[in-house]
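Written out below as structure tokens is the structure these notes cover.
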Amino acid sequence: MAVIKSKYLASPARKSTWARSKVKYGFIPELPNLYDNFSVEYNLKLFARLFRVSPERIEQVLEQFGLLKFRSSQVRVLSKGLKQRLSIARSILPDPPVIIFDEPTAGLDYNITKEIHELLKNLHESGKTILFTSHSREETKELATRVINLQEGKMVFDGLPNDEKCIYISLQ
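For what it's worth, my numbering labels the leading residue of the sequence shown as 1072, then goes sequentially.
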């Protein structure tokens, strides 16, 4: 992904380690990659230890994502929407400036999709750069400030979501 080549990558000149450079990016896969037999809170604690995140930050993220009342619940009993919320919370725990989403609302119902959209908007308003993939024209139009359309691995459009060419390409 050429888009990600930036000042955030580790460089020998800055003597950054790979573990520290990973904190610069949050990644949320289409299918949440969580520990189903552990609690919501323990999932966050495991990740927090990996990136040396404070317990206070865990509390902040639990509250920010509406997960406080689920903190003791095992992940396996959560709805798909709550799992997605936890996946997002876990990925932003180290407070990365760039967050990458792969189909953030795939398979979610309308209400949960709207919730996830609000979370994405709030993250963007807080200064985060959000990259996401989507097959939904409506979702792209609502959330994106810039669109890159790919066809067969080649970029065929780079511009604004309301651009006529973008709309035409997405309908093909």
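Ideal Cβ positions, reconstructed from N, Cα and C, are used throughout, including at glycine. These figures come from a predicted structure and were not determined experimentally.
Can you list, in chain order, the residues of its chain whose CB lies under 6 Å from that of residue i, leaving out five sequence neighbours each side?
| i | result |
| --- | --- |
| Gly-1097 | Ser-1162, Ile-1163, Pro-1167 and Ile-1170 |
| Ile-1183 | Gly-1152 |
| Thr-1176 | Thr-1184 and Ile-1187 |
My guess is that residue i and residue j are in contact by the Cβ rule of under 8 Å, so how many angstroms apart are they, rounded?
| i | j | result |
| --- | --- | --- |
| Leu-1157 | Pro-1232 | Their Cβ separation, rounded to whole angstroms, is 29 Å, which puts Leu-1157 and Pro-1232 out of contact at 8 Å. |
| Ile-1201 | Phe-1172 | 7 Å |
Label residue i either buried or exposed according to how many other C-beta atoms from any shown protein chain fall within 10 Å of its C-beta, with 16 as the threshold for buried.
| i | result |
| --- | --- |
| Pro-1165 | buried |
| Ser-1205 | buried |
| Tyr-1181 | exposed |
| Lys-1192 | exposed |
| Glu-1127 | exposed |
| Lys-1154 | buried |
| Ser-1082 | Since pLDDT at Ser-1082 reaches only 44, below the 50 mark, its modelled position is unreliable, and the value read off the structure follows with that caveat. The residue is exposed, with fewer than 16 neighbouring Cβ atoms inside 10 Å. |
| Asn-1114 | buried |
| Leu-1121 | exposed |
| Leu-1117 | exposed |
| Leu-1214 | buried |
Report the partner residues of residue i according to the DSSP bridge assignment.
| i | result |
| --- | --- |
| Gly-1097 | Ile-1170 |
| Gln-1155 | For Gln-1155, which the question treats as bridged, DSSP gives no partner whatsoever. |
Only counting the same chain, and skipping five residues up and downstream in sequence, which positions put a Cβ closer than 8 Å to that of residue i?
| i | result |
| --- | --- |
| Met-1226 | Ile-1219 and Asn-1220 |
| Asp-1107 | Gln-1145, Val-1146 and Arg-1147 |
| Lys-1199 | Ile-1163, Pro-1167, Pro-1168, Val-1169 and Ile-1170 |
| Gln-1135 | Ala-1160 |
| Cys-1237 | Val-1218, Asn-1220, Phe-1228, Gly-1230 and Leu-1231 |
Only counting the same chain, and skipping five residues up and downstream in sequence, which positions put a Cβ closer than 7 Å to that of residue i?
| i | result |
| --- | --- |
| Glu-1235 | none |
| Ser-1144 | Ser-1110 and Val-1111 |
- Every unbroken alpha helix (DSSP H) inside the segment 1104 to 1140 [4 residues or more]: The segment 1104 to 1140 contains, as complete alpha helix (DSSP H) runs of 4+ residues, the segments 1111 to 1121 and 1126 to 1135 (chain order).
- Write down every uninterrupted run of the beta strand (DSSP E) in the segment 1163 to 1234 whose length is 3 residues or greater and which is fully enclosed by it, in chain order. If one requires a minimum length of 3 residues, the beta strand (DSSP E) runs lying completely within the segment 1163 to 1234 are 1169 to 1173, 1200 to 1204, 1218 to 1222 and 1225 to 1230, in chain order.
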